[in-house]
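>
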Amino acid sequence: MSVRQASLRWPVTDGIEERVIGQRVVDVTRRAKYLIIKLEKGSILVHLGMSGSLRVVEPKAEWRKHDHIEVSFGNGAVLRYHDPRRFGSWLWSLGDHHQLMHLGPEPLLSEFSGEHLWKRSRGRKIAVKPFIMDNKVVVGVGNIYASEALFRSGIRPDRSAGRVSRKRYDVLAGHIKDVLKAAIDQGGTTLRDFVNSSGEPGYFQQTLSVYGRGGKQCVVCDSVLREIRLGQRSSVFCPTCQR
DNA sequence: ACACTAACCTGCAAGC
DNA sequence: TGCTTGCAGGTTAGTG
-12 MSVRQASLRW PVTDGIEERV IGQRVVDVTR RAKYLIIKLE KGSILVHLGM SGSLRVVEPK
48 AEWRKHDHIE VSFGNGAVLR YHDPRRFGSW LWSLGDHHQL MHLGPEPLLS EFSGEHLWKR
108 SRGRKIAVKP FIMDNKVVVG VGNIYASEAL FRSGIRPDRS AGRVSRKRYD VLAGHIKDVL
168 KAAIDQGGTT LRDFVNSSGE PGYFQQTLSV YGRGGKQCVV CDSVLREIRL GQRSSVFCPT
228 CQR
């Protein structure tokens, strides 16, 4: 492994290059937005942030701007990590996976449900949008998908999480699952410089009803979509369809 | 315990 | 045209 730029979201774990030498890859899994590359005596936790990508390149391929890390395998393959905004991370973990310990359920599993959201939100005053974006509540729901799921559910993003009914949380959990599945089917949402592992953009942005459409007309009722800020994130909603 | 803000970084777009 | 400013994204440390 060779680290050219160690200054990512967090500093790349000191000494990671030496620690991985000679170790076999035992398994590759995922938890939340972390890729877990399990070696014989520990794991590499890779997060792509918002602009990170992994690509297999020719051995000795020239380093492009924003290529920060590469891993050379025993069979000659070379994996290159590219990340213009450096919001990703490469951390070495000895099994405890400190970063992953307090995460909520995966959104596409049955443990994530309206009941879960309802239980976790009782007594909470936080707005429902930052609530569902909280990794301790459920993982994987970023700003785009939170905005779209709330629109489909008819829930205003600034409503108190504790004041959303059990029934509406059932609806919301269903839409979160649907929005995520649809986005995955369409290869993700391309904002500016995103590309997938084949270098292709995603197409889900063609399906967005509210995200990035502040001031435009609601696709359902033609009202002007409102844009507010919640937890430093822009939040667009329809004042007529969402209550 | 909870709510909220700032910070990390770069490229792009809007405004002057 | 060229400069400056603000925003986007995911996550967590820090403050109240």
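In this note's numbering, the protein residues as written are -12 to 230. Glycine residues also receive a C-beta, built at the ideal position from the N, C-alpha and C atoms.
(1) Which residue comes first and which comes last in the alpha helix (DSSP H) that contains Asp239?
(2) Identify the residues that DSSP records as bridge partners of Ala114: which are they?
(3) Please name the residue in Ala148, Phe138 and Gly149 whose C-alpha comes closest to that of Cys208.
(4) Closest by CA to Gly75, which one among His53, His89 and Phe60?
(5) On the criterion of 16 or more Cβ atoms from any shown chain inside 10 Å, does Gln229 qualify as buried, or is it exposed?
(6) DSSP three-state call for Leu96: helix, strand or coil?
(7) Flag this pair as yes or no: are the beta carbons of Tyr132 and Val158 separated by less than 9 Å?
(8) Give the straight-line distance between the Cα atoms of Leu96 and Arg6, rounded to the nearest whole angstrom.
(9) So Arg89 and Lys116 are supposed to be a Cβ contact under 8 Å. How far apart are they, rounded?
(10) Using DSSP bridges, identify the partner residues of Ile119.
(11) Considering Arg6, what are the terminal residues of the alpha helix (DSSP H) in which it resides?
(12) Are three or more beta carbon pairs between the stretch 64 to 84 and the stretch 97 to 108 nearer than 8 Å?
(13) Given this structure, state the Cα-to-Cα distance separating Ile24 from Ile171, to the nearest angstrom.
(14) Rounded C-beta distance between Asp14 and Ser38? I'm assuming under 8 Å.
(15) Contact defined as beta carbons within less than 8 Å: I believe Pro46 pairs with Gly61. What is the distance between those atoms, to the nearest angstrom?
(16) What residues are listed by DSSP as bridge partners for Thr16?
(17) Secondary structure at Gly101, three-state DSSP: helix, strand or coil?
(18) Can you give me the C-alpha to C-alpha distance between Leu32 and Gln173, rounded to a whole angstrom?
(19) Looking only at its own chain, which residues have a Cβ that is under 7 Å from the Cβ of Asp1, when we skip the five neighbours before and after it?
(20) Rounded to a whole number of angstroms, what is the C-alpha to C-alpha distance between Ser40 and Ser(-6)?
(21) Given a cut-off of 9 Å on the beta-carbon distance, is the pair Leu217 and Cys225 in contact?
(22) Expressed to the nearest angstrom, what Euclidean distance is found between the alpha-carbon atoms of His103 and Gly202?
(23) Going by C-alpha to C-alpha distance, which of Thr227, Tyr198 and Arg(-4) sits closest to Gln86?
(24) Measure how close the beta-carbons of Ser134 and Tyr198 come, nearest whole angstrom, since I'm counting them as under 8 Å.
Well, looking at it:
(1) The requested residue 239 is not part of the displayed model; the chain covers only -12 to 230.
(2) Numbered from its first residue, the first sequence carries residue 114 at position 127. Ala114 is bridged to Ser147.
(3) Within the first sequence, residue 208 is the residue found at index 221, counting from 1. Closest by alpha carbon: Phe138.
(4) Counted from its first residue, the first sequence places residue 75 at position 88. Proximity to Gly75 across His53, His89 and Phe60 peaks at His53, based on C-alpha coordinates.
(5) Here residue 229 is taken as the residue at index 242 of the first sequence, counted from 1. Gln229 is buried by the Cβ-count criterion.
(6) One-based indexing of the first sequence puts residue 96 at position 109. The answer is coil: DSSP assigns Leu96 none of H, G, I, E or B.
(7) Stepping through the first sequence from its first residue, residue 132 is reached at position 145. Stepping through the first sequence from its first residue, residue 158 is reached at position 171. No, Cβ-Cβ distance for Tyr132 and Val158 is not below 9 Å.
(8) Numbered from its first residue, the first sequence carries residue 96 at position 109. Numbered from its first residue, the first sequence carries residue 6 at position 19. Leu96 and Arg6: Cα-Cα distance of roughly 34 Å.
(9) One-based indexing of the first sequence puts residue 89 at position 102. One-based indexing of the first sequence puts residue 116 at position 129. At residue 89 the sequence reads His, which differs from the Arg that was named. So it is not a contact: roughly 21 Å between Cβ atoms.
(10) Counting from one through the first sequence, the residue named residue 119 turns up at place 132. Its beta-bridge partners do not exist; DSSP assigns none.
(11) Here residue 6 refers to the residue found at position 19 of the first sequence. Counting along the chain, the unbroken alpha helix (DSSP H) around Arg6 starts and ends at Ile3 to Arg6.
(12) In this structure the stretch 64 to 84 does not lie against the stretch 97 to 108, because fewer than three pairs of beta carbons, one per stretch, are closer than 8 Å.
(13) Residue numbering aside, residue 24 sits at position 37 when the first sequence is read from its first letter. Residue numbering aside, residue 171 sits at position 184 when the first sequence is read from its first letter. Their Cα atoms are separated by approximately 22 Å.
(14) Residue numbering aside, residue 14 sits at position 27 when the first sequence is read from its first letter. Residue numbering aside, residue 38 sits at position 51 when the first sequence is read from its first letter. No, Asp14 and Ser38 are not in contact; Cβ-Cβ is about 26 Å, not under 8 Å.
(15) Residue mapping note: residue 46 aligns to position 59 of the first sequence, counting from 1. Residue mapping note: residue 61 aligns to position 74 of the first sequence, counting from 1. About 12 Å separates the two Cβ atoms, so there is no contact after all.
(16) As a working mapping, residue 16 is identified with position 29 in the first sequence. BP columns for Thr16 point to Ile23.
(17) On the first sequence, position 114 is the one that residue 101 refers to. The answer is helix: DSSP assigns Gly101 an H, G or I state.
(18) Here residue 32 is taken as the residue at index 45 of the first sequence, counted from 1. Here residue 173 is taken as the residue at index 186 of the first sequence, counted from 1. Per the coordinates, the alpha-carbon of Leu32 lies some 26 Å from the alpha-carbon of Gln173.
(19) Along the first sequence, read from residue 1 onward, the residue named residue 1 stands at position 14. For Asp1, where only same-chain residues beyond five positions count, there are no Cβ hits under 7 Å.
(20) Walking along the first sequence from the start, residue 40 turns up at place 53. Walking along the first sequence from the start, residue -6 turns up at place 7. Their backbone Cα atoms lie some 16 Å apart in a straight line.
(21) By one-based count along the first sequence, residue 217 stands at place 230. By one-based count along the first sequence, residue 225 stands at place 238. In this structure, Cys225 does not lie closer than 9 Å to Leu217 by Cβ.
(22) Counting from 1 along the first sequence, the entry for residue 103 is found at position 116. Counting from 1 along the first sequence, the entry for residue 202 is found at position 215. In this structure, the alpha-carbon of His103 lies about 34 Å from that of Gly202.
(23) As a first step, residue 86 must be located in the first sequence, where it is residue number 99. A check of alpha carbon separations from Gln86 across Thr227, Tyr198 and Arg(-4) identifies Arg(-4) as the nearest.
(24) As a working mapping, residue 134 is identified with position 147 in the first sequence. As a working mapping, residue 198 is identified with position 211 in the first sequence. Indeed, because the Cβ distance is near 5 Å, the residues count as touching under 8 Å.
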